[in-house]
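A.B. asks:
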Amino acid sequence: MRKITYVFTLMLVFLVGCASEYSGFREIKIPDESIGTVMLPDNWNFITDNGWLYIEDSETGDIIAFQHSRGLHYWIASEEYDEREFNPSYEYEKIGVIDYITGNSNLSNCSLGEYIIDVENIQLYEIYFTSGQDYHYSIFFVFISDEIDLKILEKISKSYDSNIE
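Numbering of the sequence shown is given in my numbering, commencing with residue 9 and proceeding in unit increments.
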């Protein structure tokens, strides 16, 4: 009887701990037919403008992140195929990745990238989401808000579910 009580208590602690990890977040479908769902903070929303996605703080109306690119990008042997489109509203030239923050076992990755904006080098957080149906198709967000909490971005990236229902 003691073992059953102990196991039940452990399961309860585990479930309560898991549930609180995303307290203040809600699951939302990313508005792209090839991409799945993520957990976003309650006050963040996806909005669409001219076919491009943005993440907006619904309390302030500020844009937190913009969709940098979308489309197919892959390699076959040593030949690169790049059919991506880039958001015309933001001319941010990506130089490269400085640091990978989360892995991509769930087809999402959060990283710190380096960009050139008006001839100035700047470091910005970024998250990409890859389709679970076509691994060559991804959408990519760059976070431009100065008040981004890295722990929030890690949660968003780790919560990504590429399954489309």
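Ideal Cβ placement from N, Cα and C applies to all residues, glycine included. Small disclaimer: the values here were computed from a predicted structure and weren't measured.
What is the DSSP secondary structure of E134, reduced to helix, strand or coil?
C.D. replies: The residue given as residue 134 occupies position 126 in the sequence shown. Three-state result, E134: strand.
A.B. asks: Return the CA-CA distance between I130 and Y98, expressed in angstroms with no decimal places.
C.D. replies: On the sequence shown, position 122 is the one that residue 130 refers to. On the sequence shown, position 90 is the one that residue 98 refers to. Taking the straight line joining both Cα atoms gives about 14 angstroms.
A.B. asks: Taking all protein chains shown into account, decide if V150 is buried (16 or more other Cβ within 10 angstroms of its Cβ) or exposed.
C.D. replies: What you label residue 150 is simply residue 142 of the sequence shown in a count that begins at 1. Buried is the call here.
A.B. asks: Which value, in whole angstroms, describes the spacing of the CA atoms of L20 and K163?
C.D. replies: The residue labelled residue 20 in the question sits at position 12 within the sequence shown. The residue labelled residue 163 in the question sits at position 155 within the sequence shown. Residue confidence for L20 is low, a pLDDT of 46 falling below 50, so the modelled location carries little weight; the figure read from the coordinates is stated next. Looking at the two C-alpha atoms, the distance is approximately 22 angstroms.
A.B. asks: Cutting at 6 angstroms between CB atoms, please list the residues of its own chain near H144, excluding the five before and the five after it.
C.D. replies: Locating residue 144 in the sequence shown gives position 136, where the first residue counts as 1. Cβ neighbours of H144 beyond the five flanking positions: L80, Y82.
A.B. asks: Report the three-state DSSP secondary structure of E162 (helix, strand or coil).
C.D. replies: In the sequence shown, counting from the first residue as 1, residue 162 sits at position 154. DSSP places E162 in helix when its eight states are reduced to three.
A.B. asks: Any chance the region 124-138 sits against the region 60-71, with 3 or more Cβ pairs inside 8 angstroms?
C.D. replies: No: the two stretches stay apart, fewer than three of their Cβ pairs being nearer than 8 angstroms.
A.B. asks: Please state the DSSP three-state secondary structure of E91.
C.D. replies: Within the sequence shown, the letter at position 83 stands for residue 91. In this structure, E91 counts as coil in the three-state DSSP scheme.
A.B. asks: According to DSSP, T56 sits in a beta bridge with which residue or residues?
C.D. replies: By one-based count along the sequence shown, residue 56 stands at place 48. In DSSP, T56 forms a bridge with L61.
A.B. asks: Would you report the Cα separation of G104 and S77, rounded to the nearest angstrom?
C.D. replies: For the purposes of this step, residue 104 is identified with residue 96 of the sequence shown, where counting begins at 1. For the purposes of this step, residue 77 is identified with residue 69 of the sequence shown, where counting begins at 1. About 14 angstroms.
A.B. asks: Quick check on DSSP: helix, strand or coil for K116?
C.D. replies: On the sequence shown, residue 116 is found 108 positions in, with the first residue counted as 1. Reading off the sequence, residue 116 comes out as Ser, not Lys. Strand.
A.B. asks: So, at 8 angstroms on beta carbons, what are the nonlocal neighbours of E67 in its own chain, with the 5 sequence-adjacent residues on each side left out?
C.D. replies: Numbered from its first residue, the sequence shown carries residue 67 at position 59. Closer than 8 angstroms at Cβ, skipping near neighbours: N51.
A.B. asks: Can you give the Cα-Cα distance for I147 and Q75, rounded to whole angstroms?
C.D. replies: Numbered from its first residue, the sequence shown carries residue 147 at position 139. Numbered from its first residue, the sequence shown carries residue 75 at position 67. Cα to Cα, I147 sits roughly 7 angstroms from Q75.
A.B. asks: For Y108, collect the residues of the same chain with a Cβ closer than 6 angstroms to its Cβ; drop the 5 residues on either side in sequence, then sort them by chain order.
C.D. replies: Residue numbering aside, residue 108 sits at position 100 when the sequence shown is read from its first letter. Cβ neighbours of Y108 beyond the five flanking positions: S119.
A.B. asks: Please identify the residue among N114, S31, E134, E101 whose C-alpha is closest to the C-alpha of I124.
C.D. replies: Reading the sequence shown from its first residue, position 116 is the one you call residue 124. For the residues N114, S31, E134, E101, the minimum Cα distance to I124 belongs to E101.
A.B. asks: Under 9 angstroms between the Cβ atoms of N114 and K166?
C.D. replies: Residue 114 sits at position 106 when you count from the first residue of the sequence shown. Residue 166 sits at position 158 when you count from the first residue of the sequence shown. Yes, the Cβ-Cβ distance between N114 and K166 is below 9 angstroms.
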